[in-house]
Structure formats: structure tokens, C-alpha cells
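In order, the protein sequence lines correspond to chains A and B.
Heads up, the first sequence is in my numbering, so the first residue is 1 and it goes up one at a time.
Heads up, the second sequence is in my numbering, so the first residue is 1 and it goes up one at a time.
Note that CB positions come from ideal geometry on N, CA and C, so glycine has one too.
To start, the structure under review is shown below, and the notes come after it.
2 protein chains.
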Amino acid sequence: MTKYMQIANDIRNNIVKGILKPNDQLPFEKDLCEKYDASKMTVKKALDILVTQGLIVKRRGSGTFVKSISNADMNKLVISNQFRGLTALYSNQKVSSEVLTFEVVPSSEIVRNKLQLENEDFVYNILRVRYVDGAPTVMEHMYMPIALIPGLKRKNATESIYSYIEGDLGYKIQSSHRAISVRKSNELEQSKLKLEVNDPVAVVEQVAYLENGVAFEYSISVHRYDNFLFETVIVI
Amino acid sequence: MTKYMQIANDIRNNIVKGILKPNDQLPFEKDLCEKYDASKMTVKKALDILVTQGLIVKRRGSGTFVKSISNADMNKLVISNQFRGLTALYSNQKVSSEVLTFEVVPSSEIVRNKLQLENEDFVYNILRVRYVDGAPTVMEHMYMPIALIPGLKRKNATESIYSYIEGDLGYKIQSSHRAISVRKSNELEQSKLKLEVNDPVAVVEQVAYLENGVAFEYSISVHRYDNFLFETVIVI
DNA sequence: AAGTGGTCTAGACCACATT
DNA sequence: ATGTGGTCTAGACCACTTC
């Protein structure tokens, strides 16, 4: 654990515990340097983390302040920053999968473009429905280059593909690029996600990258509209 | 313009121009220090910006690499990082507004909670439909404390409320916290956004903050589903 | 063993807000 | 004028990858 992480965590805890309340002014950077026996750059880095997480604001010439946020919203922020994105929303619930398609196919032009593949390259074509506590939640359509992800079996798709990639293959995931859109559900989605005829869906198109900058997954995830929520903080 | 911004911009331009191609290795930090006559910390900060923007990846012990991204996707990344969020999606088009409601009301409990107000505080209650090139696009429901935003008139809502806040009042907006969800449209939305009975909508709930950490706006924006797209980069 | 990026420092100077 | 946070440096040492 780095020093700037320790400082950021400590201050975050003080905010969560209410030792630092909304609109409170934080100690000056120079005082935090003394308190944590750290240099200015290190303290600044710690505070900058809390700024991007949406907890505090900094004003040159004035000081640093806790944002005016309710306890409930503050807790949500802290939780959603511990786990990234949507991933661990269902951490306490049972996640299972029904694999509809698991095959290896030549890459289409769209997939080649997203994954930056050559014409001849083959990809896994995986379609599955994911259940949370037995309720259908997402229909995922994934493409992954077989050259990059060797040895993937239908069984892995039934469980967690990511744990195969990170655990068995020892890869590390660096980032993902997502685009969120909305549309009406089609018949397959209605049947698989137990939706009514005119129910909408949230569509998350994603390209995921490994540590070395190589795209390893292009996926389209179709979410039931009633349990989809994407939260984000934008700092200008 | 800071030195780290100049360095980041220069490298970004090299990527856009194709001087640095997908999967290319960047010069080592130590060489970039020489090239730009900058210290290691400054070069690192420049590169870290490009990492959070999704353009490059860094690997300790190996080097820094351009992500494996198609030209089209790379250009989209660069553009969406120049303007933040959804705001300037319609920069070349005519934006106009139909104001349905413009009144001052006592704050409800939800609004008080989001904006951290006291019981007695009054807020603007503004409902408007925004048109892009004459086509209805978003229905916005905004609440803002009158104490914080004095002198707002119906006329401002017809044009740009943000230009009143940033221009006339001289405030600076620091950040916004957004939650995106999906649902079916209701009758009012169908009529105002020219939607069919069973068309869906994308709902963006937002709390926006000023430089001093004070929440000045709570809004619910209901978007036509066919022109809503939210793109984001998540770095783990 | 050599070289990469990551962290951290002590101190200089700058830009901005308040007094 | 004072004090805040912002930038930048030169150099030390660490963690990791590659050879």
C-alpha cells in the first residue's frame, strides 16, 4: 500500500465516519504533510484521488472542502469507488449463466475493427444469459480472439470467463471502453430475459483491454431495464 | 498551458496523426524527459492523463504502449475527451427550449436531500423540452436553490441556464454526479418528445456542484432513446 | 544485471483568493 | 501582504520485467 493511498483512505474514512462533514474545510496541505509525515506532492496526489472520486473539491487560494453531499449519496460514492463500474454490483448474490452459443468463427469486419485483428483471425462467439439469484438479468454477446485466449471451454462460459482470463491465464485487465445506449427489446431478449413485448433494454457495448494495451474482448451486453443503473462522477 | 498538458497534447497529436500507431511503444520516460526538457514527475503526469483518457497503457518494467484501437475509435476518444460528458454533443447544431414550467416552490424532501438544503429553502422548479435542430431530444426537470442562483428568469431557461450561471453569475462548475437508467416513456414524454406509445427513454439523474463543493442543481433528464449514447473509459 | 515505470522527497517558484 | 493550492525539478530508492 502506497503512502498516498493510505492518506487518501484515511481521509475518506474520516468523511465516512462524519469526522469530516459536508462543507467542512480540510486541513491545509501543509498541515496534512506534517500529520502524515509526507511531502507536498504525496499529499496532493492523495487529495487528487478523492477529487476524482467525487468526495472533495480543491480551490487554489482558499483550501480544500468536503462536497455538500448527503450521507446516503456519500456512502454510495465510496462503495462504487471500491469496486469499479458495474462489476461487483451483485457481489452478495448468486450469479449463474445459461450458455446459448459457444463456437469459434471467423471474425466479422466489425469485430476485426474493434479488436484490431487480421482477416484470417478466428474468435470465440459466445452468447449467454446471466442470472442473479435465479432471475435473468443480462444477455451477453462476447467476441474474443482465440489466439489471445487459448483453451477457453464452454464450461468457463457457464461460470466466470474473467476468472479464467485473470486466474488460469494469469492476465491482468487494464481497462474497458464502454458505450451505453437504449432501445426496445427484441423477441429473443424478451424470451430470455423474461420481458414483456414492449419492454426496453439498456445496451452496453464494451471493448476490454489487457495490461499491454491489446483488446481481448468485444461484447454487447443487453440488460433488463429494471435493474440497470450506471453511476459516474465527472470532474471538469 | 502547463508543461504536462503540452506534453500530453503533443503525444496525443502524434497518436492521432499516426506517427504513433496502435501497439507502438512510446519512447521511455527518460527519453521523453530529454525531448521535452522536463522532469520525470512532469512526464509521468502527462502520460497518466493519456492513460485515463484511454489512449495508452503503461507497464512497469516494460514500457508505455499505444492501445490497440482502430482509427475511428481513437478519434472518438480524443473528441469525447476534449468536451466532457454529453454536453457538447450538439455543438454544431441549433439548440432551443420550450419551457413548460418555471416556478419557485418549497423544496421537497428528495430535493432537500440531493441539494443539502434546510426545510424552509425554496428552489426553482423548471421543466423544459430541449430541441436540437428543431427535433425534440430531451425533457429536463431541474431544481436549483434560489438562494444560490438569484435572479434566474424564464427567459434564461428558454436559452442556456448554464451560461447564466457561468457567465452572468460568474460561477464555475466543478463536477457532476450522474446516474443513468432506462424505463418506458410516459404520456407526457411521448407527447413532448414525439415518441410512440411503447418507446423507451434514457433517464439521467444528475447533481451538479460548484467550485466550492456546494450542490447547485438536481436534475432528471429524459432522453429520446434513439439519440442517446453515453461513452466512458474505465481504468482499473 | 540492467533497465523500465512507480513512489517519495525537499525545496523553488507561480497563480489565485482573501485580508 | 499573506497564505492557499498548482507546477516543476533533481535526485533517491523501490518494484517489476526482461535479458
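Asked, Found
"Environment of Leu248/A [buried if 16+ CB atoms lie within 10 Å]", "Residue 248/A falls outside the range modelled here, since chain A spans only 1 to 236, and no answer is possible."
"Cutoff 8 angstroms: Glu231/B Cβ touching any chain A Cβ", "yes"
"Neighbour list for Lys67/B in chain A, Cβ cutoff strictly below 7 angstroms", "Tyr209 and Gly213"
"According to DSSP, residues forming a beta bridge with Leu26/B", "Note: Leu26/B sits in no beta bridge, so no partner."
"Neighbour list for Ala147/A in chain B, Cβ cutoff strictly below 9 angstroms", "Here the premise fails: no neighbours, minimum Cβ distance about 13 angstroms."
"Local Cβ density within 10 Å of Met74/B, reported as buried at 16 or more and exposed below that", "buried"
"Contact with chain A by Phe122/B, beta-carbon distance below 8 angstroms", "no"
"Arg12/A at chain B interface by Cβ criterion, 8 angstroms", "no"
"Sequence-distant residues of the same chain with beta carbon closer than 8 angstroms to Lys17/A, five excluded per side", "none"
"Segments assigned alpha helix (DSSP H), at least 4 residues, entirely inside the segment 62-149 of chain A", "71-82 and 109-115"
"Three-state secondary structure assigned by DSSP to Arg178/B", "strand"
"Below-8 angstroms beta-carbon distance, Gln93/B vs any chain A residue", "no"
"Helix, strand or coil at Ala202/B according to DSSP, with G and I counted as helix", "strand"
"Between the CA atoms of Tyr143/A and Gln206/A - distance to the nearest angstrom", "10 angstroms"
"C-beta neighbour in chain B for Ile19/A, strict 8 angstroms", "no"
"8 angstroms Cβ cutoff met for Lys45/A and Gly54/A", "no"
"Exposure of Arg84/A, with buried meaning 16 or more beta-carbon neighbours within 10 Å", "For Arg84/A, the predicted structure reports a pLDDT of 47, less than 50, and the residue's modelled location is therefore unreliable. A value from the coordinates is still provided. With fewer than 16 other Cβ atoms within 10 Å, it is exposed."
"Three-state class that DSSP yields for Val214/B in the structure shown", "coil"
"Under 8 angstroms by beta carbon: chain A residues contacting Gly54/B", "Ser175 and His177"
"Endpoints, the alpha helix (DSSP H) within which Lys40/B is located", "Lys40 to Thr52"
"Inter-stretch contact (C-beta, 8 angstroms, three-pair minimum) for the segment 215-223 of chain B and the segment 137-154 of chain B", "yes"
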